[in-house]
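Okay, so here's the structure we're looking at.
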Amino acid sequence: MKVLITGGSGQLASYLFEKMKDDYDVTGIDTRLPIHEAAMGRVINADIRDLDAMIKASRDSDVIIHTAAQVSVQRSTENPSYDADINVMGTINTLKAAMESEVGKFIYISSAAVYGDPQYVPIDEAHPLDPKSFYGVSKLCGEYYVRAFGSTFDLDWIIIRPFNFYSPRADPSSPYSGVITKFAQATKEGNRLCIEGDGLQTRDFLHAKDVARLVSIAASSEVSGETFNCGSGEKTSIRELADLFSTISPEKVEVVHTAPRTSDIRDSVGEVSKAERLLGFRTKVGLEEGLRDFFQ
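All residue numbers for the sequence shown refer to our numbering, where the first residue is 4 and numbers rise by one.
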């Protein structure tokens with residue numbers, strides 16, 4: 004089976020290459036060169052917004068895994084046009100390329116951001132979709148295009164909505180890094196961990212390795228036309244996360260509280276039984292085990 008991964012130089016793609024390269028013919032496409040060994044020499048330097056390049060890259064592919072995205076909520080607020088250009092127009096181009104190349108299955112990596120403020124927790128796939136950020140809006144728009152291409156052109160698809168995934172391969176220098184990456188970097192540098200607000204806000208954290216496992220299972224399965232949450236199903240408060248870093252770190256960790264973000268979602272945890280029921284998937288990497296990866 005030939006697989007094309009958009010965003011082929013990203014952290015999730017690096018784990019997908021490791022997971023799939025021995026069993027499948029895997030290629031990536033990205034505007035950046037890969038820095039992770041499994042992706043070396045396998046990533047085409049091109050932009051998903053370039054339709055001709057996408058068609059060329061996807062030729063003879065059996066599956067496209069669309070991970071490429073502008074992923075920062077902050078940046079989507081600062082420049083919603085840029086966010087939509089990548090997350091909406093880039094997705095449309097990737098879908099067009101899939102149709103042109105007669106790809107068998109399209110796997111779209113969406114986000115739990117499409118849910119917005121939870122009306123109930125845990126959040127299942129039937130939860131109302133009401134994104135709070137421009138990023139969430141663009142990812143939801145991508146979902147609708149995936150479904151529309153599927154129904155119009157008979158394209159097999161799966162949508163995966165990861166919750167808060169992390170790994171040591173996320174860029175710690177990025178101002179848009181997630182809380183785990185920021186906490187890990189601060190801990191290594193002996194800096195304080197800054198918690199926004201009271202720290203009681205909760206998230207569903209999972210390792211990027213586990214996201215890659217679910218995507219790999221979905222790619223080879225007979226399941227089609229389904230949307231799956233991808234999470235641990237367990238909620239962790241930001242204060243508990245800081246305590247875990249204090250436990251793991253060989254040095255003393257100081258925690259300070261700063262002003263809360265006004266747009267922050269208070270509680271987010273996924274209901275993940277559908278992925279277990281239809282794909283046999285459960286996360287394997289526990290949070291403490293995953294955090295220790297940052298200190299290896």
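The beta carbon of each residue, even a glycine, is placed where N, CA and C say it ideally should be.
DSSP-derived helix/strand/coil call for residue i
| i | result |
| --- | --- |
| E229 | strand |
| S141 | helix |
| S252 | coil |
| Y17 | Before going on, a small fix: residue 17 reads as Ser here, not Tyr. S17 falls in the helix class under three-state DSSP. |
| D296 | helix |
| L282 | helix |
| S154 | helix |
Buried or exposed by the 16-neighbour rule on C-beta atoms within 10 Å, applied to residue i
| i | result |
| --- | --- |
| K255 | exposed |
| A129 | exposed |
| T155 | exposed |
| N194 | exposed |
| A262 | exposed |
Proximity below 8 angstroms, CB of residue i to CB of residue j
| i | j | result |
| --- | --- | --- |
| L282 | A221 | yes |
| T205 | V259 | no |
| L7 | I51 | no |
| E274 | G228 | no |
| E146 | V117 | yes |
| A173 | Q14 | yes |
| I183 | T230 | no |
| I251 | L290 | no |
| V226 | I110 | no |
| I95 | Y148 | yes |
| I198 | A151 | no |
| C233 | A189 | no |
| F297 | P171 | yes |
| Q73 | N48 | no |
Whole-angstrom C-beta distance between residue j and residue i, which should lie under 8 angstroms
| i | j | result |
| --- | --- | --- |
| V76 | S17 | Going by Cβ atoms, the distance from V76 to S17 rounds to 22 angstroms, so no, they are not a contact pair. |
| T34 | R45 | Not quite, the Cβ-Cβ distance comes to about 15 angstroms (not below 8 angstroms), so this is no contact. |
| I58 | E103 | 5 angstroms |
Every unbroken alpha helix (DSSP H) inside the region 42 to 108 [4 residues or more]:
With a minimum length of 4 residues, the continuous alpha helix (DSSP H) runs that stay inside the region 42 to 108 are 54 to 61, 76 to 81, 83 to 87 and 93 to 103.
Curious, which full-length beta strand (DSSP E) runs of at least 3 residues does the region 160 to 213 contain?
167 to 169, 196 to 199 and 208 to 210
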